[in-house]
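*Asks:* Numbering (the numbering used here), first residue to last: -14 to 275.
Glycine included, each C-beta is placed from N, C-alpha and C at the ideal position.
Okay, handing you the structure first.
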Amino acid sequence: MPILNHIALIGVGLIGGSFVLDLKRQGLVRTVTGIDTDRDNLQRALERGVIDRASVAIDADSIGGADLVLIATPVATVPTILTALRPVLPEHTWISDVGSTKISVIEAFRRCLPDSIHRCIAAHPIAGSDRSGANSAQYGLFQNRKLIITPHGGEDSDGIALIENLWRAVGAEIYTMDAQKHDAVFAAVSHMPHLAAFAYVHQLFDHPDGKAYLKFAATGFEDFTRIASGHPAVWADICLANRDNLLELVRGLGRQLDTLETILLNRDRPSLYRYFEEAKATRDGRSDEN
């Protein structure tokens, strides 16, 4: 595949930083300009070799000559970023993102960059961590992970091929899914688990003895609540962008908890055993399929 001369990475953190690190190690990009509002984060990115140039502004200098602009910021910031890109975007530049919700991103592409919509490729790498910032960037993050392309129908085929090849080069397996299905799927398997973890930790926060309980929290608590350490701004944006799907799932979880409450009130061990058995089989079957 061709070597890119210049990638402009907007938002220098775990996902975007790890992506360009792998591309740089393989010699697939010559120069990466990191664009971020956090000067300290940019300095760390320069020191670690994640980026080659740094800027706090989206302007002709930071974007000029870019073969690809990759937006790796919270999804709520995408419209503002695209609006800033519009007057300085070179005609030959491809634009892509890594957002966890795709309907909102595609709507922003259409609204903010109508003349460049054919060069906008919506994508979502399925990898993550509770860490953030340039220091979290790492090699090999996307090895054997999934990358979802969500076409809007107006893309140039060359752009889709480029994005797929770049992600394949860093180890990702490529899948295609329409935006509505994508947002429903990831509400269920990613966004709702985060909400549940946040909610349970908040239950302890609200409990008068919660702090005392936490002193004795061990691996079960850590395993269940690890994702509640995710960045609040990132997850607030994701959950609001995927609000309708999540509302349905929140109501569904409420019904499941009502079922458990009834079983416990009735001291119904056979029903409780069967409930746990079905959940275990579902969880274990998922591991067998992967």
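Output the distance between the C-alpha atoms of Asn120 and Thr244, rounded to the nearest integer angstrom.
*Replies:* About 44 Å.
*Asks:* What is the DSSP secondary structure of Val41, reduced to helix, strand or coil?
*Replies:* Note: Val41 maps to coil in three-state DSSP.
*Asks:* Taking the C-alpha atoms as reference points, what is the distance between Arg252 and Gly239?
*Replies:* When rounded, the distance between both Cα atoms is 20 Å.
*Asks:* Report the option in Thr78, Arg29, Ala61 whose CA atom is closest to the CA atom of Ser47.
*Replies:* Among Thr78, Arg29, Ala61, the Cα nearest to that of Ser47 is on Thr78.
*Asks:* Could you tell me which residues DSSP pairs with His109 in its beta bridges?
*Replies:* According to DSSP, which records beta bridges pairwise, His109 is partnered with Ile133.
*Asks:* Under 8 Å between the Cβ atoms of Gly156 and Gln128?
*Replies:* It is a contact, given that the beta carbons lie within the stated cut-off.
*Asks:* Please name the residue in Asp7, His192, Pro59 whose C-alpha comes closest to that of Ile36.
*Replies:* Minimum Cα distance to Ile36 is reached at Asp7.
*Asks:* Near Glu158, which residues of its chain fall below 8 Å by C-beta distance, leaving aside the five closest residues on each side in sequence?
*Replies:* Counting only Cβ-Cβ distances below 8 Å, and skipping sequence neighbours, we find Asn129, Arg130, Lys131, Leu132.
*Asks:* Do Leu13 and Ala154 have their C-beta atoms closer together than 8 Å?
*Replies:* Contact flag set, yes.
*Asks:* Is the Cβ-Cβ distance between Asn227 and Met(-14) less than 8 Å?
*Replies:* Not a contact, by the Cβ cut-off of 8 Å.
*Asks:* Do His179 and Thr135 come within 8 Å of each other at the CB atom, strictly closer than that value?
*Replies:* No, these two residues do not count as a Cβ contact at 8 Å.
*Asks:* Between the C-alpha atoms of Arg96 and Phe190, what's the straight-line distance to the nearest angstrom?
*Replies:* Their backbone Cα atoms lie some 41 Å apart in a straight line.
*Asks:* Report all residues from its chain with a CB closer than 7 Å to the CB of Leu74; omit the five preceding and five following residues, and keep chain order.
*Replies:* Answer for Leu74: Ile48, Ser101, listed in chain order.
*Asks:* With a Cβ-Cβ cutoff of 8 Å, do Ile22 and Val(-3) count as a contact?
*Replies:* At residue 22 the sequence reads Thr, which differs from the Ile that was named. No, these two residues do not count as a Cβ contact at 8 Å.
*Asks:* Just mark Arg104 as buried or exposed, buried being the case when its beta carbon has 16 or more other beta carbons within 10 Å.
*Replies:* Buried, because 16 or more other Cβ atoms sit within 10 Å of the Cβ of Arg104.
*Asks:* With 8 Å as the threshold, decide whether the Cβ of Arg271 is near any Cβ in chain D.
*Replies:* The structure shown contains no chain D; it is built from a single protein chain.
*Asks:* Quick check on the DSSP output: what are the complete alpha helix (DSSP H) runs of length 4 or more inside the segment 159 to 231, in order along the chain?
*Replies:* If we require 4 residues or more, the alpha helix (DSSP H) runs fully inside the segment 159 to 231 come out as 164 to 171, 177 to 191, 195 to 199, 204 to 210, 217 to 226.
*Asks:* Leu55: buried (16+ other C-beta within 10 angstroms of its C-beta) or exposed?
*Replies:* That one is buried.
*Asks:* Using 8 Å for Cβ pairs, my map puts Gly19 next to Ala39. What's the rounded Cβ distance?
*Replies:* The Cβ separation is near 5 Å, so the contact holds.
*Asks:* Report buried or exposed for Val174, applying the criterion of at least 16 other Cβ atoms within 10 angstroms of its Cβ.
*Replies:* Val174 should be labelled exposed.
*Asks:* What is the DSSP secondary structure of Val14, reduced to helix, strand or coil?
*Replies:* The answer is strand: DSSP assigns Val14 an E or B state.
*Asks:* Tell me the rounded alpha-carbon separation between Asp44 and Leu70.
*Replies:* Each residue's alpha carbon lies about 7 Å from the other.
*Asks:* For Leu(-11) versus Leu67, is the C-beta distance shorter than 8 Å?
*Replies:* Going by C-beta atoms, Leu(-11) is not nearer than 8 Å to Leu67.
*Asks:* By alpha-carbon positions, which one of Arg116, Glu92, Asn26, Leu249 ends up nearest to His137?
*Replies:* Measuring from the Cα of His137, the nearest candidate turns out to be Glu92.
*Asks:* Apart from the five residues just before and just after Leu31, which ones in its own chain have a Cβ nearer than 7 Å to its Cβ?
*Replies:* Correct list, in chain order: Ala39.
*Asks:* Have a look at Met177 and Asn230 and give me their C-alpha separation to the nearest angstrom.
*Replies:* Between Met177 and Asn230, the C-alpha separation is close to 9 Å.
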